[in-house]
Amino acid sequence: MSKFLSFVILCIATTVVYETSQGQTRQSYTEGMSSPAVVESATEALTTTTETTQTTDEQLAETAELPYTISAFDPIMRKVGEEQGYDWRFMSAIAYNESRFKEDLVSSRGAVGIMQIRPVVARHFNIPVESLSDTETNIRVAGMLLAELDDLLNLPASISEQDRLSIILASYNAGIGRIHDACRLARSEGANPHSWADVSRYLELMADPAYYTRETVHHGKFNGSRQTLGYVREVMKMYNKYCTMAS
Numbered sequence: 004m005s006k007f008l009s010f011v012i013l014c015i016a017t018t019v020v021y022e023t024s025q026g027q028t029r030q031s032y033t034e035g036m037s038s039p040a041v042v043e044s045a046t047e048a049l050t051t052t053t054e055t056t057q058t059t060d061e062q063l064a065e066t067a068e069l070p071y072t073i074s075a076f077d078p079i080m081r082k083v084g085e086e087q088g089y090d091w092r093f094m095s096a097i098a099y100n101e102s103r104f105k106e107d108l109v110s111s112r113g114a115v116g117i118m119q120i121r122p123v124v125a126r127h128f129n130i131p132v133e134s135l136s137d138t139e140t141n142i143r144v145a146g147m148l149l150a151e152l153d154d155l156l157n158l159p160a161s162i163s164e165q166d167r168l169s170i171i172l173a174s175y176n177a178g179i180g181r182i183h184d185a186c187r188l189a190r191s192e193g194a195n196p197h198s199w200a201d202v203s204r205y206l207e208l209m210a211d212p213a214y215y216t217r218e219t220v221h222h223g224k225f226n227g228s229r230q231t232l233g234y235v236r237e238v239m240k241m242y243n244k245y246c247t248m249a250s
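Note that my numbering has the sequence shown beginning at 4, numbered continuously upward.
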C-alpha cells in the first residue's frame with residue numbers, strides 16, 4: 004500500500020474524541036477528514052480516576068518485589084516494541100496513561116483494553132475488532148499505529164529522540180493533520196518544524212484566528228492543544244522515569 008493511500012485511509016477511517024475534566028467533548032480532524040482514533044486519552048484520569056488512588060511512586064515501589072520491572076505486561080511490551088521498532092518502556096508509558104494497565108477497560112466511547120484502542124483502528128489494520136480484548140493484540144495494534152504515524156510524519160534522521168517521540172505522541176493524540184498544520188506554521192515563520200518545543204507552540208497558536216485562518220492551516224481552529232500538550236508531557240515524563248527503572 005502506498006504511503007499516500009495509507010494516509011488517506013487512516014484519515015477517512017479514524018476520529019479521536021477526548022473528554023475534558025469538565026465533561027465537555029471535543030473532536031479533532033486529520034488531513035482528509037478526521038484524526039487517528041487511537042484512543043480516548045486517559046490524561047484526565049490522572050486526577051479524576053477513583054480506581055487509581057496510589058501515587059506513581061507507591062505503585063512502582065510495589066513492583067520491586069515482583070518478577071517484572073514496570074508491569075505484568077513487560078514481556079509483551081518487549082516483544083511488540085522489538086517488532087515495531089519502539090522502546091518497550093515507551094509503549095508501557097502509553098499504556099499507563101491510557102488505562103493504568105487495566106486490560107479489561109472499555110471506555111464510554113468504545114476504546115478497548117490496555118492501550119484503549121478503538122474498533123475503527125483495528126479495522127484500518129484489518130484486525131478483527133473482537134480480538135482487541137486480547138492484550139497482546141491490543142498492544143500490537145497500538146504499535147502498528149505508532150509506526151504508521153512515524154512513517155507518515157517523515158521526520159528526519161537527525162531529529163532528537165525526545166522530539167521524535169513527542170511529535171509522534173502528539174499525532175497519536177490530536178491527529179496527524181493537526182501536527183502537519185503546526186509544522187507548516189512553524190516552517191512558514193522560520194521556526195523548526197522538527198522541534199517539539201516549536202511545534203507545541205504553534206499547536207497552541209492554532210486557537211488564534213490570526214494563525215488558523217492562514218493558508219498553511221488546512222484543518223482550521225484547534226482548541227485541543229492544552230489536552231494534547233498535557234498528554235505528551237505525562238507520557239514522556241513516565242517514559243523517562245521507566246528508563247531509570249528498567250533496561
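Beta carbons are placed, not taken as given, at the ideal position from N, Cα and C, and that holds for glycine.
Here the structure is a predicted model, which means the values were calculated and not measured.
Short of 6 Å in beta carbon distance, which residues of its chain neighbour residue i, apart from the five on each side in sequence? Order them along the chain.
i       : result
Thr-138 : Glu-106, Ile-117
Ser-203 : Leu-232
Tyr-272 : Because the chain here runs from 4 to 250, residue 272 falls outside it and cannot be looked at.
Val-109 : Val-115
Val-132 : Pro-122, Ala-125
Ser-134 : Thr-140
Val-83  : Ile-142, Arg-143, Gly-146
Lys-2   : In this structure the chain extends from 4 to 250, so residue 2 is not present and cannot be described.
Which residue's Cα is closest to the Cα of residue i: the options?
i       : options                            : result
Glu-164 : Glu-133, Lys-244, His-197, Arg-190 : His-197
Phe-76  : Leu-135, Ile-142, Arg-112          : Ile-142
Gly-178 : Pro-159, Leu-155, Ala-200, Ala-160 : Leu-155
Asp-159 : Gly-180, Ser-203, Asn-195, Thr-216 : It should be pointed out that residue 159 corresponds to Pro in this sequence rather than to Asp. Cα-wise, what sits closest to Pro-159 is Asn-195.
Ile-73  : Ile-97, Ile-130, Val-115, Pro-122  : Ile-97
Arg-126 : Ala-213, Lys-224, Tyr-175, Leu-148 : Leu-148
Val-144 : Asp-184, Val-123, Met-209, Ser-161 : Val-123
Asn-100 : Ser-250, Ala-249, Met-248, Lys-240 : Lys-240
Glu-192 : Pro-212, Tyr-242, Tyr-175, Thr-219 : Thr-219
Cys-246 : His-221, Val-83, Met-94, Glu-86    : Met-94
Glu-85  : Ile-130, Phe-128, Gly-146          : Gly-146
His-221 : Leu-152, Arg-187, Tyr-175          : Arg-187
Val-235 : Ala-249, Tyr-71, Phe-128, Trp-199  : Trp-199
Tyr-175 : Ile-120, Asn-243, Ser-134, Leu-135 : Ile-120
Looking at the unbroken alpha helix (DSSP H) that takes in residue i, where does it start and where does it end?
i       : result
Thr-247 : 228 to 248
Ala-200 : 199 to 208
Ile-170 : 164 to 177
Thr-138 : 138 to 156
Ala-160 : Neither: Ala-160 is in no alpha helix (DSSP H) and is coded neither H nor E.
Ala-213 : 212 to 215
Determine, for residue i, whether the minimum Cβ-Cβ distance to residues of chain B falls below 9 Å.
i       : result
Ala-173 : No chain B is part of this structure, which consists of one protein chain only.
In chain order, what residues of the same chain lie with their CB nearer than 7 Å to the CB of residue i, ignoring the 5 residues before and after it?
i       : result
Ile-162 : His-197
Gly-88  : Ala-150
Val-238 : Ala-96, Ile-97, Asn-100, Leu-172
Asp-201 : Ala-189, Ala-194, Asn-195
Ile-130 : Thr-140, Val-144
Ala-249 : Thr-72, Ile-73, Arg-92
Ser-136 : Val-115, Gly-116
Tyr-242 : Arg-92, Phe-93, Ala-96
Phe-128 : Val-144, Met-147
Sorted by chain position, which residues of the same chain lie with C-beta nearer than 8 Å to residue i's C-beta, five sequence neighbours on each side aside?
i       : result
Arg-81  : Trp-91
Leu-206 : Ala-173, Ala-177, Arg-181, Ile-182, Ala-185, Phe-225, Ser-228, Thr-231, Leu-232
Ile-79  : Thr-138, Glu-139, Ile-142
Pro-212 : Lys-224
Leu-152 : Pro-39, Ile-171, Ser-174, Tyr-175, Ile-179
Arg-217 : Leu-188, Ser-191
Asn-157 : none
Original post:
Which parts of the stretch 66 to 125 are runs of the alpha helix (DSSP H), unbroken and 4 residues or longer, counting only runs that do not cross its ends?
Top reply: 77 to 87, 91 to 102
**OP:** Take every Cβ of the stretch 98 to 110, pair it with every Cβ of the stretch 166 to 174, and state whether three or more of those distances are shorter than 8 Å.
**Re:** When Cβ pairs closer than 8 Å are counted between the two stretches, the stretch 98 to 110 is seen not to touch the stretch 166 to 174, the count staying below three.
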